[in-house]
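J.:
4 protein chains.
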Amino acid sequence: MDIREIQRAFDTRAEQKGWQALHTPKNLAMALGVEVAELHRHLQWRSDEEICALMDSEQGDEVAAELADVQMYLIKLAATLGVDLEQAVHAKIAENSRR
Amino acid sequence: MDIREIQRAFDTRAEQKGWQALHTPKNLAMALGVEVAELHRHLQWRSDEEICALMDSEQGDEVAAELADVQMYLIKLAATLGVDLEQAVHAKIAENSRR
Amino acid sequence: MDIREIQRAFDTRAEQKGWQALHTPKNLAMALGVEVAELHRHLQWRSDEEICALMDSEQGDEVAAELADVQMYLIKLAATLGVDLEQAVHAKIAENSRR
Amino acid sequence: MDIREIQRAFDTRAEQKGWQALHTPKNLAMALGVEVAELHRHLQWRSDEEICALMDSEQGDEVAAELADVQMYLIKLAATLGVDLEQAVHAKIAENSRR
Numbered sequence: 001m002d003i004r005e006i007q008r009a010f011d012t013r014a015e016q017k018g019w020q021a022l023h024t025p026k027n028l029a030m031a032l033g034v035e036v037a038e039l040h041r042h043l044q045w046r047s048d049e050e051i052c053a054l055m056d057s058e059q060g061d062e063v064a065a066e067l068a069d070v071q072m073y074l075i076k077l078a079a080t081l082g083v084d085l086e087q088a089v090h091a092k093i094a095e096n097s098r099r
Numbered sequence: 100m101d102i103r104e105i106q107r108a109f110d111t112r113a114e115q116k117g118w119q120a121l122h123t124p125k126n127l128a129m130a131l132g133v134e135v136a137e138l139h140r141h142l143q144w145r146s147d148e149e150i151c152a153l154m155d156s157e158q159g160d161e162v163a164a165e166l167a168d169v170q171m172y173l174i175k176l177a178a179t180l181g182v183d184l185e186q187a188v189h190a191k192i193a194e195n196s197r198r
Numbered sequence: 199m200d201i202r203e204i205q206r207a208f209d210t211r212a213e214q215k216g217w218q219a220l221h222t223p224k225n226l227a228m229a230l231g232v233e234v235a236e237l238h239r240h241l242q243w244r245s246d247e248e249i250c251a252l253m254d255s256e257q258g259d260e261v262a263a264e265l266a267d268v269q270m271y272l273i274k275l276a277a278t279l280g281v282d283l284e285q286a287v288h289a290k291i292a293e294n295s296r297r
Numbered sequence: 298m299d300i301r302e303i304q305r306a307f308d309t310r311a312e313q314k315g316w317q318a319l320h321t322p323k324n325l326a327m328a329l330g331v332e333v334a335e336l337h338r339h340l341q342w343r344s345d346e347e348i349c350a351l352m353d354s355e356q357g358d359e360v361a362a363e364l365a366d367v368q369m370y371l372i373k374l375a376a377t378l379g380v381d382l383e384q385a386v387h388a389k390i391a392e393n394s395r396r
């Protein structure tokens with residue numbers, strides 16, 4: 001996955017919409033949480049079996065779109081905080097393997 | 100970012116710890132939300148200026164580690180739901196550019 | 199605030215809608231999180247000043263309705279977990295005052 | 298449940314700790330979400346049966362304390378937003394009964 005390309009797409013859209021000033025660390029962190037909750041709305045009243053069936057239905061695309069939103073806000077938030085997300089993941093994997 | 104490699108590292112650890120049976124869609128979705136909240140704990144009482152200062156301090160690494168946790172659970176959740184995360188992001192970017 | 203009365207109203211509606219079997223601890227906990235996020239959606243891109251202005255507008259009632267939803271799910275979740283919410287609050291206040 | 302009394306206890310503690318300036322609508326809303334996630338941490342890897350067993354164990358008090366924290370932040374957030382929480386709940390129950 002090309003993180004920089006995704007970030008550029010996010011920023012281009014923000015520029016076109018005039019949203020850039022809103023993309024502060026705190027707002028983006030809150031938006032990340034809201035996107036996770038949008039995902040939860042699809043899953044909250046369903047059992048794991050029903051969730052699997054949901055993914056095979058037309059609604060599966062909506063769930064995928066929510067996962068995508070979480071990914072995009074995560075990439076943007078990391079960039080805004082000056083964190084190299086890929087490097088952070090590798091550091092965390094290395095730390096986990098030591099425990 | 101190599102999504103499959105990260106997923107393999109996640110799965111290897113889960114296997115070693117005996118956590119695999121717990122990694123159902125619903126549990127992973129809930130865990131994703133908890134990881135976002137762990138991130139929020141670092142940011143919640145701080146202004147955007149204080150958050151920037153935090154990132155330049157030693158605690159910046161802890162924030163990066165929380166971002167990494169969110170990324171890892173997101174990758175695992177997407178895989179468990181049968182979603183190609185990278186493709187989902189590209190589909191969402193394409194959809195956004197049409198609006 | 200009459201907790202039992204609110205809980206009865208919640209349960210009566212659940213009975214009429216046939217939702218009772220869904221109201222397990224885990225589902226209710228997840229729903230509580232989703233309701234908090236619904237509240238966040240009203241606040242996320244706004245400054246504290248803009249939030250105050252929002253509360254004076256017609257949309258203020260929608261925010262109040264989200265707060266009410268959080269309250270109702272909290273009461274129902276506590277009851278489902280066998281927790282006396284009022285007593286738990288008093289115990290927590292007592293604990294806080296000792297710190 | 299006496300909402301005003303709980304709010305007074307919350308405010309007294311905030312005053313003693315010097316936290317009042319931090320208790321803005323946005324910070325309190327974020328804190329409410331973090332408290333819900335603290336609750337989720339106790340429940341996330343457990344089945345509903347395991348959650349019931351947890352409530353009968355010593356850890357049940359910790360879960361009750363998290364529910365109490367959610368209640369206290371909810372009361373404080375509502376007050377900060379100028380919302381009469383009890384009235385908002387009754388309005389929502391009335392609205393639900395019309396649907």
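Residue numbers (this note's numbering), protein chains in the order written: chain A, 1 to 99; chain B, 100 to 198; chain C, 199 to 297; chain D, 298 to 396.
By construction, the Cβ of each residue, glycine as well, lies at the ideal position given by its N, Cα and C atoms.
All values derive from a computational prediction rather than experimental measurement.
1) Report the CB separation of M1(A) from M100(B) in whole angstroms; it is logged as a contact under 8 Å.
2) Return the first residue and the last residue of the alpha helix (DSSP H) that R310(D) is part of.
3) In its own chain, which residues sit with a C-beta less than 7 Å from the C-beta of Q106(B), not counting the 5 before and 5 after it?
4) Residues in the region 330–353 of chain D with C-beta within 7 Å of chain A's C-beta atoms, listed in sequence order?
5) Straight-line CA distance for D340(D) to C250(C)?
6) Going along chain A in order, which residues have a C-beta closer than 9 Å to the C-beta of N294(C)?
7) Whose C-beta lies closer than 6 Å to the C-beta of D69(A) among residues of the same chain, with five residues either side of it excluded?
8) Examine the Cβ distances between the region 380–393 of chain D and the region 257–264 of chain C and report whether three or more of them are shorter than 8 Å.
9) Buried or exposed: which applies to K17(A), given that a residue is buried once 16 or more other Cβ atoms fall within 10 Å of its Cβ?
10) Would you mind reading off the limits of the alpha helix (DSSP H) that contains G33(A)?
11) Can you list, in chain order, the residues of its chain with a C-beta nearer than 7 Å to that of L226(C)? Leave out the 5 residues immediately preceding and following it.
12) By a C-beta neighbour count over all protein chains shown, 10 Å radius and 16 as the cutoff for buried, is A219(C) buried or exposed?
13) If you compare alpha carbons, which of K125(B), E157(B), L138(B) and N195(B) is closest to E50(A)?
14) On the three-state DSSP scale, how would you describe R98(A)?
15) What number of angstroms, rounded off, separates the C-alpha of T24(A) from the C-alpha of G33(A)?
16) Looking at chain A, which residues of the region 181–194 of chain B have a Cβ within less than 9 Å of any of its Cβ atoms?
17) Determine the burial state of E236(C): buried for a count of at least 16 other Cβ atoms within 10 Å of its Cβ, exposed for fewer.
T.: This is what the structure gives:
1) 5 Å
2) I300 to K314
3) I174, K175 and A178
4) G330
5) Residue identity differs from the one stated: residue 340(D) is Leu in this sequence, not Asp. Each residue's alpha carbon lies about 35 Å from the other.
6) Residues of chain A passing the Cβ test: none, with the nearest at roughly 26 Å.
7) E35
8) yes
9) exposed
10) P25 to L43
11) Y271, K274, L275 and T278
12) exposed
13) K125(B)
14) helix
15) 14 Å
16) G181, V182, D183, L184, E185, Q186, A187, V188, H189, A190, K191, I192 and E194
17) buried
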